[in-house]
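Novice: Can you read through this structure? Questions will come right after.
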């Protein structure tokens, strides 16, 4: 009987694995829509005509950020409701007047990644701004045989998982957390906007977020005025590992990453950060400035197929914003590289302390005020639900912080610099191992932490250039696995453990 049950279970599993691709194929059958995107976000065609013919007579318009994401019951059942209603909501926004806004705005250059169309603007007072489209246009990368099928539309439809107005809510939450942030404003750029010059065909007739751009010295104002410069992550890491007196403010980065956890921002790779540079004595300190909050409040798993695709054994990174933290590790997938390099010193106690600080600072009243920054029509749709989830996640943030720490602590990377470094590993007890990194030139400690075997499986010490020294000592019965990786210099290893 047991054998028959086993065979039946295997048969059912095989049948399920066969039916799922067939169902997916059936839903994907057909041609891709040639006009997937709406012709214009403006809802009133009479007003749209007026904008084209007499642009100076219109100072505000009613728009829909993405009416093309609206779907019927059957489609939503399989692929989810996501944030479709927010995308289709009608909201009123000002028309951007390039001559008067911010003292006058001029296009400096085009930007954007694989999804966002954007432009860098400079104002009359020299401050830089980013003009970023609210709607995203992801590139469709499918085999030629599939590029003209309904699957292409599924790729374009993934933008519906993003909340179109999330950055408006994130700004006041960031302010309360003490994390640097832009202050986005919704604006519409009229058709054939002459101020855009050669770029008007690409940039006109779109709904945008207009926000400060923190990417060079021109943005050193307000809370950043004491900084020396602003650099990107690539430059920051080159300096950090090129010289022993350049350091990341790891507690500041840890706090910013906990804010990411709170808002469910799953897309925090190294390109999503700028770094303010400060000088303290003879050292240079780099403090993070988050940017691009498009993935806050990401919602993906409320359809049958999208739920299956977001499982841990599938596309785990598509983690949905719920009232609790169902998969902290999924929120770390895209930030693995920068987390490993910017957080190796932060202890469990420090994560706990930062989480409690955020819990105290982000009050119910502040969350409600932040969510009220949504356009009125959108707030009526999901404002109360969003506030409720944020309050719940705030209350559970200490648990998420501990899970975040434990995931980081499992395998820790300790990097040296291109100068000569001395790595010291002391096995204190079976449970505790101390790691210290010093500059060989003057003996100054650049890294020190005591690791616990119950939390850490492996510590990887990696020298870069220079003649580095690795010392391991201490007599214990058990200990953490230590990996020593030399660099380009003449390295030396002394192991008396």
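Numbering (this note's numbering), first residue to last: 3 to 499.
Think of the CB as a built atom: it goes at the ideal place given N, C-alpha and C, for glycine as much as any other residue.
Treat the numbers as computed from the prediction; the structure is a model and nothing was measured.
(1) Under 7 Å, Cβ to Cβ, is there at least one residue of chain D near residue 227?
(2) Identify which residue in 199, 461, 395 and 284 has its Cα closest to the Cα of residue 263.
(3) Could you check what DSSP says for residue 167 in three-state terms: helix, strand or coil?
(4) When the Cα of residue 87 is compared with those of 44, 429, 121 and 167, which residue comes out closest?
(5) Sort out for me which residues DSSP pairs residue 231 with in a bridge.
(6) Tell me, to the nearest whole angstrom, how far the beta carbon of residue 256 is from that of residue 348; I am working on the premise that it is less than 8 Å.
(7) Please state whether DSSP places residue 97 in a helix, a strand or coil.
(8) Just the C-alpha distance for residue 426 and residue 251, rounded to the nearest angstrom, thanks.
(9) Mapping the DSSP letters down to three states, classify residue 419 as helix, strand or coil.
(10) Using 8 Å as the cut-off, can you tell me whether the region 191–198 makes contact with the region 94–109, which would need three or more C-beta pairs spanning the two stretches below that distance?
(11) Since residue 285 is in the beta strand (DSSP E), which residue starts that stretch and which ends it?
(12) Per DSSP, which one or two residues make a beta bridge with residue 131?
(13) Can you tell me which of 440, 421, 432 and 457 puts its alpha carbon nearest to the alpha carbon of residue 411?
(14) By the DSSP assignment, the alpha helix (DSSP H) with residue 48 in it spans what residues?
(15) Taking buried to mean at least 16 other C-beta atoms within 10 Å of its own C-beta, is residue 365 buried or exposed?
(16) Look at the Cβ atom of residue 350, then the Cβ atom of residue 400, and state whether they are nearer than 7 Å.
(17) Using 8 Å as the Cβ pair cut-off and three pairs as the minimum, do the region 457–470 and the region 480–496 touch?
(18) Can you tell me where the beta strand (DSSP E) holding residue 62 begins and where it ends?
(19) Can you tell me which of the three DSSP states residue 136 falls into?
(20) Please name the residue or residues paired with residue 460 in a DSSP beta bridge.
(21) Would you mind stating whether residue 494 and residue 246 have Cβ atoms separated by less than 7 Å?
(22) Any chance the region 289–307 sits against the region 78–87, with 3 or more Cβ pairs inside 8 Å?
(23) What does DSSP give as the partner residue(s) for residue 440 in the beta ladder?
(24) Is it buried or exposed for residue 275, if we count other Cβ within 10 angstroms and need 16 for buried?
(25) According to DSSP, simplified to helix, strand and coil, what is residue 470?
(26) Pick from 248, 362 and 311: whose alpha carbon is nearest that of residue 283?
(27) Leaving aside the five residues before and after residue 385 along the sequence, list all residues of the same chain whose C-beta is less than 6 Å from its C-beta, in chain order.
(28) With three or more beta-carbon pairs closer than 8 Å as the criterion, would you say the region 159–166 touches the region 132–149?
(29) Could you have a look at residue 327 and say whether DSSP puts it in helix, strand or coil?
(30) Measuring alpha carbon to alpha carbon, tell me which residue in 272, 175 and 285 is nearest residue 344.
(31) Please report how far the alpha carbon of residue 342 lies from the alpha carbon of residue 440, in whole angstroms.
(32) According to DSSP, is residue 499 part of a helix, a strand, or is it coil?
(33) Scan the region 338–379 and note each continuous alpha helix (DSSP H) run of 4 residues or more that stays entirely inside, going in chain order.
(34) Could you pull out every residue in the same chain whose Cβ sits closer than 7 Å to the Cβ of residue 67, ignoring the five residues on either side in sequence?
(35) Should residue 322 go down as buried or exposed, given a rule of 16 or more other Cβ atoms within 10 Å for buried?
(36) At which residues does the alpha helix (DSSP H) containing residue 202 begin and terminate?
Specialist: Let me spell this out:
(1) The structure shown contains no chain D, having only a single protein chain.
(2) In terms of CA proximity to residue 263, 395 leads the group 199, 461, 395 and 284.
(3) coil
(4) 167
(5) 279
(6) 5 Å
(7) It is a strand residue.
(8) 22 Å
(9) coil
(10) yes
(11) 285–292
(12) 123 and 214
(13) 457
(14) 47–55
(15) The residue is exposed, with fewer than 16 neighbouring Cβ atoms inside 10 Å.
(16) no
(17) yes
(18) Bounds of the beta strand (DSSP E) holding residue 62 are 62–66.
(19) In the structure shown, residue 136 sits in coil (DSSP, three-state: anything other than H, G, I, E or B).
(20) 413 and 483
(21) Going by C-beta atoms, residue 494 is not nearer than 7 Å to residue 246.
(22) Yes, the region 289–307 touches the region 78–87.
(23) 424 and 447
(24) Buried, since its Cβ has 16 or more Cβ neighbours within 10 Å.
(25) coil
(26) 248
(27) Here the set comprises 373 and 376.
(28) Yes, since at least three Cβ pairs between the region 159–166 and the region 132–149 fall closer than 8 Å, the two stretches touch.
(29) coil
(30) 272
(31) 20 Å
(32) coil
(33) 338–344, 350–363 and 366–373
(34) 43, 89, 136, 137, 166 and 209
(35) buried
(36) 202–205 is the extent of the alpha helix (DSSP H) around residue 202.
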